[in-house]
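Working notes for the structure below.
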Amino acid sequence: MLASARRPRPGPGPPRVLPFPLFLLAVLSGAVSGRVSRSVPRTSLPISEADSYLTRFAVPHIYNYSVLLVDPASHTLYVGARDTIFALSLPFSGERSRRGDLGGRKTLQQRWTTFLKADLLCPGPEHGRASSVLQDMAVLRPEPGAGTPIFYGIFSFQWEGAAISAVCAFQPQDIRTVLDGPFRELKHDCSRGQPVMDNDVPQPRPGECITNNMKFQQFDSSLSLPDRVLTFIRDHPLMDRPVSPADVHPLLVTTDTAYLRVVAHRVASLSGKEYDVLYLGTEDGHLHRAVRIGAQLSVLEDLALFSEPQPVESMKLYHGWLLIGSSTEVTQVNTTNCDRLQSCSECILAQDPVCAWSFRLDACVVHAGEHRGLVQDIESADVSSLCPKEPGEHPVVFEVPVATAAHVVLPCSPSSAWASCVWHQPSGVTALTPRRDGLEVVVTPGAMGAYACECQEGGAARVVAAYSLVWGSQQAPASQAHTVGAGLVGFFLGVLAASLTLLLIGRHQQRRRQRELLARDKVGLDLGAPPSGTTSYSQDPPSPSPEDERLPLALAKRSSGFGGFPPPFLLDPCPSPAHIRLTGAPLATCDETSI
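Residue numbers (mature numbering (1 follows the signal peptide of the UniProt record, and there is no 0)): -34 to -1, 1 to 561.
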């Protein structure tokens, strides 16, 4: 038996009352509100939880486990992988070909003579027959005397850029009616063609199986059929009319899930009524379990199969076990895993025809036709009338610190996607925006207080999330305004102090500059020379060479010129442009060796 994960049950006790008065808001829109489409899975199990219900088989460096064949006699599963075939023992207990179809004698040798084709129509809402492609077909064959077979097909088509998957059911009598109808005359110009008139159809009718009536006409097998019959079926394999689905419309249409594989079986409920259960494999490696209730297919469970998204390539259903093949492994799923449902309400809301709640065992069990002490409701899942009122469960109230004018989103995640949820909030709140993932609140003084998300399904309601909005600094808005004002005053005082400091520094540097200029004037330096730390190639003399030091210095007195400097009309004794003119330097002469 596969292991199952149990969650702890809440202990008994009185329900905890929220300490704030609550008022009814409005029903949320989206995933947590109203009547959700039954194409959305009611519950979803991630791979971390799904591993408890799965058995895997994989061999390193072997891929593409896509071919699955079951041998009922030996209870063996043959897995065809790339260049490898595995034979696996299965934990199980204990198409016929058309007789007489041996092909033609000359025409259609070693080929079917009873092979006919018809279009299967599976329209989405307002989509008509737009580019539908049949992905997979499941044939549900009930036990003899338990009903007629039924065909379930998965179709995909594109409509305005959106990928759409649809599931349709087809009745054998509807298919037989189309196959007994007119043939289509195919045209070479790729047009739809025209129906063949009844007078142009040869006898015996092409595509018919060899019946006792035909044997009386000396047609013991297809080898004895006239050549004109075989030629007609070779040239007219397609019927003129399409096969419409049961109840005229699809059982399920979805735009957010791409279905690739389908298998189906029929199981009896506690009341004895039979229901068709479908298992749908998706493009990203999920398994959807759906139950047909009336003319609608309800997706009850979404089970993640693989740790990495990959397409489901093949599925086989055999004696209560589902075998799934992908490119990396083979996965085994138990289809009667009722003990995962931990309470009466969960067992009833699962709407699984195999499972029923046992008051004697206080557990969800496989009913196996037993009625004593068991309850089940597949059609309406009325928990309020079948299950005793469970002890009230109130979640922990989370305090959410907020600030004025902030936008806060309060999450609400019900356990079921089909639940209808409402929010309760204080009476003073006005700025609210319902969202798919919760409730968005614009913080105002009137928004402070308690919020609760209450969800209802099957007549039973419970609070799934509770919050309390409080001021982030534990201050009232008036105190916050005072703090903001004090902060602004401090900011302006800081700016003023910085400005005064910069002004004092500037004046200090200006006075220092003036003192430096006066000092240069006293030692006879050029007032027009650049300040210290700067470079000038026309004013600052280089270090004297040894040749310059041997030349006598002309000691000029201060009185010989204005301020002790040579007169401005003194000509340079070396006017060569190769020399550097040392303006204001008391050199009597200069020589090239000093350069």
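A virtual CB, placed ideally from N, CA and C, is assigned to each residue, including glycine.
Note to self: Considering only DSSP beta bridges, list what T399 is partnered with.
What the structure shows: In the sequence shown, counting from the first residue as 1, residue 399 sits at position 433. BP columns for T399 point to E406.
Item checked: Proximity of L106 and R227 at Cβ, strictly below 8 Å -> The residue given as residue 106 occupies position 140 in the sequence shown. The residue given as residue 227 occupies position 261 in the sequence shown. Not closer than 8 Å, so no.
Checklist line | Extent of the continuous alpha helix (DSSP H) run through R227 | finding: As a position in the sequence shown, residue 227 is number 261, starting the count at 1. No alpha helix (DSSP H) contains R227, which is instead part of the beta strand (DSSP E) from Y225 to A234.
Item checked: DSSP bridge partner residues for residue 584 (one or two, in chain order) -> For the chain, the structure presents residues -34 to 561; residue 584 sits outside this window and is missing.
Check: Less than 8 Å separating the beta-carbons of S292 and G251?
Finding: The residue labelled residue 292 in the question sits at position 326 within the sequence shown. The residue labelled residue 251 in the question sits at position 285 within the sequence shown. Against a cut-off of 8 Å, the Cβ pair of G251 and S292 comes out as a contact.
Item checked: Simplified DSSP assignment, three categories, for P377 -> Here residue 377 corresponds to residue number 411 of the sequence shown, with the count starting at 1. Reduced to three states, the DSSP call for P377 is strand.
Note to self: For L340 and G425, I'd like the C-alpha separation in whole angstroms.
What the structure shows: Mapped onto the sequence shown, residue 340 falls at position 374. Mapped onto the sequence shown, residue 425 falls at position 459. Between L340 and G425, the C-alpha separation is close to 19 Å.
Note to self: Please tell me whether Y118 and V99 are closer than 8 Å, where the distance is taken between their beta carbons.
What the structure shows: Taking the first residue of the sequence shown as position 1, residue 118 is located at position 152. Taking the first residue of the sequence shown as position 1, residue 99 is located at position 133. Not a contact, by the Cβ cut-off of 8 Å.
Checklist line | Sequence-distant residues of the same chain with beta carbon closer than 6 Å to E126, five excluded per side | finding: For the purposes of this step, residue 126 is identified with residue 160 of the sequence shown, where counting begins at 1. Result list for E126: empty, nothing under 6 Å.
Item checked: Residue of D222, L82, D85 and W437 minimising C-alpha distance to A129 -> Translated into the one-based positions of the sequence shown, residue 129 becomes position 163. Of the candidates D222, L82, D85 and W437, the one whose C-alpha sits nearest the C-alpha of A129 is D222.
Check: Could you give the residue range of the beta strand (DSSP E) that holds E126?
Finding: In the sequence shown, residue 126 corresponds to position 160, counting from 1. No beta strand (DSSP E) holds E126; DSSP gives it neither H nor E.
Next item on the list: Rounded to whole angstroms, what's the CA-CA distance from Q391 to E356? Just pull it up for me.
Entry: As a position in the sequence shown, residue 391 is number 425, starting the count at 1. As a position in the sequence shown, residue 356 is number 390, starting the count at 1. Distance between the alpha carbons of Q391 and E356: 25 Å.
Next item on the list: Assign Q139 to one of three DSSP states: helix, strand, or coil.
Entry: For the purposes of this step, residue 139 is taken as the residue at position 173 of the sequence shown. Three-state DSSP puts Q139 in a helix.
Check: Are A397 and T410 touching if we call contact CB-CB under 8 Å?
Finding: Taking the first residue of the sequence shown as position 1, residue 397 is located at position 431. Taking the first residue of the sequence shown as position 1, residue 410 is located at position 444. Yes, the pair counts as a contact, with Cβ atoms nearer than the cut-off.
Check: Assuming V219 contacts A230 under a Cβ cut-off of 8 Å, what Cβ separation, rounded to an integer in Å, is found between them?
Finding: Position 253 of the sequence shown, counted from the start, is the residue given in the question as residue 219. Position 264 of the sequence shown, counted from the start, is the residue given in the question as residue 230. Not confirmed; about 18 Å, so no contact.
Margin query: For the structure I just gave you, are there three or more beta carbon pairs, one from the stretch 271 to 283 and one from the stretch 312 to 322, closer than 8 Å?
Written below: no
Margin query: Measuring only the C-alpha atoms, how far is W384 from P172?
Written below: Your numbering for residue 384 matches position 418 in the sequence shown. Your numbering for residue 172 matches position 206 in the sequence shown. Cα to Cα, the separation comes out at about 51 Å.
Check: Per DSSP, what kind of secondary structure is E272 in: helix, strand or coil?
Finding: What you label residue 272 is simply residue 306 of the sequence shown in a count that begins at 1. In the sequence as displayed, the identity of residue 272 is Phe instead of Glu. The answer is coil: DSSP assigns F272 none of H, G, I, E or B.
Checklist line | Alpha carbon of A431 to alpha carbon of P377, nearest angstrom | finding: In the sequence shown, counting from the first residue as 1, residue 431 sits at position 465. In the sequence shown, counting from the first residue as 1, residue 377 sits at position 411. Distance between the alpha carbons of A431 and P377 is about 8 Å.
Next item on the list: Along the beta strand (DSSP E) that carries R255, what are the first and last residues, could you check?
Entry: Within the sequence shown, numbered from 1, the residue matching residue 255 stands at position 289. Its beta strand (DSSP E) spans residues H252 to I259.
Margin query: Do R200 and G147 count as a contact pair if the criterion is CB distance below 8 Å?
Written below: Taking the first residue of the sequence shown as position 1, residue 147 is located at position 181. Taking the first residue of the sequence shown as position 1, residue 200 is located at position 234. Contact flag unset, no.
Note to self: Output needed for H202: all residues of its chain with C-beta closer than 8 Å, excluding positions within five of it in sequence on either side, in chain order.
What the structure shows: Locating residue 202 in the sequence shown gives position 236, where the first residue counts as 1. So the qualifying residues of the chain are F149, R150, E151, L152, V162 and P172.
Check: Of the choices G260, Q262, A261 and A256, whose alpha-carbon is the least far from that of residue 647?
Finding: Summary: the structure shown does not reach residue 647, with the chain confined to residues -34 through 561, and so no result is reported for it.
Check: Which term fits P115, buried or exposed, when burial requires 16 or more other beta carbons within 10 angstroms of its beta carbon?
Finding: Within the sequence shown, residue 115 is the residue found at index 149, counting from 1. Under this definition P115 is an exposed residue.
Item checked: Selection from G335, Q422, M205 and R142 that minimises the alpha carbon distance to D164 -> As a first step, residue 164 is located in the sequence shown; it is residue number 198 there, counting from the start. Of the listed residues, the one whose Cα sits closest to D164 is M205.
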